[in-house]
């Protein structure tokens, strides 16, 4: 089932990259029921607490389309770093904001792609994410930050070049990114780019399988990540009954850490499209489990969306709009 879905998603992601990289991507409270997307666009929102405002899932065209009056920053492509976890070099793409100044310290947002995708799909020249972020920054809906699109595959590159890999082999290589982040990727970024190292200046988000990993990485390193987002995550972050007895049920961490006021995320956001073929219930499960443990979070199930870049874009909007605020 997963492999068939993966092939379908691969086609969708290819379309999204072609669409996003060519230059031209609905509102809910934390609750289990599906919610309708609002039609009214509201730009002014409270800045002191991201939980006091609903999320927006119907973006106006001026946030989606490329505009002549906007500086979209600079994409640094195929940045190479050595990963001891992989035993080889890995790559990432980095978005530097307009007016980038090496002498200034920027908050940093790390992001992870989904199954059968890559670091260069969501964040590349003229991609939908670059355009969305640039438009938001121009309209003062977000703040200057450095965005790092990381590669989830964490193994020797020659192994990835094989024409076919079993799901279990590919998943094992993906899982190792949980160790790669704090051990290899983040130290490299912090050494070579002027990013903040405090948790108030560090965020992570991921989609699908990357959403599973973003929860595992974020909650394994709460002293480093102050903002965490997971969009339509798969099972596998912590033990669950979903897909029991399969490779997808093997947890990355034994459990979410016990709640602590000192390490409570400033904003914890989970979202899934109501028409997602597989991940609605698991997204709700994570949100409810974390809430029961004491972690405030905004978990949205949104009508009218599926498991594709159209939904990732509205999720990215909400996260970008609420992180690193005063």
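Residue numbers (this note's numbering): 13 to 338. Just so you know, even glycine gets a beta-carbon here, dropped at the ideal spot from N, CA and C.
Annotation for residue 264: no alpha helix (DSSP H) segment contains it, and DSSP assigns it neither H nor E.
Put simply, of 75, 121, 132, 244 the residue whose alpha carbon is nearest the alpha carbon of residue 211 is 121. Under the three-state reduction of DSSP, residue 103 is assigned to strand. Assignment of residue 75 by DSSP, reduced to helix, strand and coil, places it in the helix class. Here residue 123 carries a strand assignment [DSSP, helix/strand/coil]. Remark: C-beta atoms of residue 291 and residue 244 approach each other more closely than 7 angstroms. Two segments are said to touch when three or more pairs of C-beta atoms, one from each, lie closer than 8 angstroms; by this definition the segment 71-91 does not touch the segment 121-130. The Cβ atoms of residue 215 and residue 186 lie no closer than 7 angstroms to each other.
Rounded to whole angstroms, residue 305 and residue 295 show a C-alpha spacing of 16 angstroms. The continuous beta strand (DSSP E) containing residue 243 extends over residues 239-243.
The alpha carbon of residue 159 has as its nearest neighbour, out of 151, 145, 77, 83, the alpha carbon of 145. Cα atoms of residue 66 and residue 99: separation of roughly 43 angstroms, rounded to the nearest angstrom. For residue 226, the enclosing alpha helix (DSSP H) has its first and last residue at 221-232. Beta-bridge partners of residue 281 (DSSP): 241, 310.
Annotation: residue 324 to residue 219 spans about 7 angstroms, alpha carbon to alpha carbon. Membership of residue 132 in the alpha helix (DSSP H) is indicated by the continuous run 131-134. Just so you know, the alpha carbons of residue 94 and residue 111 end up roughly 29 angstroms apart. DSSP places residue 108 within a strand segment (E or B) once states are collapsed to three. Under DSSP, residue 215 takes part in a beta bridge, and its partners are 121, 239. Shown here, residue 116 sits in coil according to DSSP, grouped into three states, outside any helix or strand.
Between the beta-carbon of residue 254 and that of residue 263 there is about 11 angstroms, and that puts the pair past the 8 angstroms contact cut.
In the structure shown, residue 155 adopts coil according to DSSP, grouped into three states. Boundaries of the beta strand (DSSP E) around residue 88: 86-95. Taking C-alpha positions only, residue 193 is separated from residue 229 by approximately 7 angstroms.
When the five nearest sequence neighbours on each side are left out, the beta carbons in the same chain lying within less than 7 angstroms of the beta carbon of residue 267 are those of 250, in order along the chain. Around the C-beta of residue 113, fewer than 16 other C-beta atoms lie within 10 Å, and the residue is accordingly described as exposed.
Around the beta carbon of residue 312, a 10 Å sphere encloses 16 or more other beta carbons of the protein chains shown; the residue is thus reported as buried.
The alpha-carbon separation between residue 203 and residue 86 amounts to approximately 19 angstroms.
Within its own chain, the residues whose Cβ lies closer than 7 angstroms to the Cβ of residue 191, once the five positions on either side in sequence are excluded, are 97, listed in chain order.
Residue 275 sits close to residue 234, with the two beta carbons spaced by under 7 angstroms. In the three-state reduction of the DSSP assignment, residue 286 falls in the coil class, being assigned neither a helical nor a strand state. Membership of residue 292 in the alpha helix (DSSP H) is indicated by the continuous run 292-305. Secondary structure of residue 190 (DSSP, three-state): helix. Here residue 224 is buried, its C-beta having at least 16 other C-beta atoms within 10 Å. Taking C-beta separations shorter than 7 angstroms and ignoring five residues to either side along the sequence, the partners of residue 108 in its chain run 85, 86, 88, 158, following chain order.
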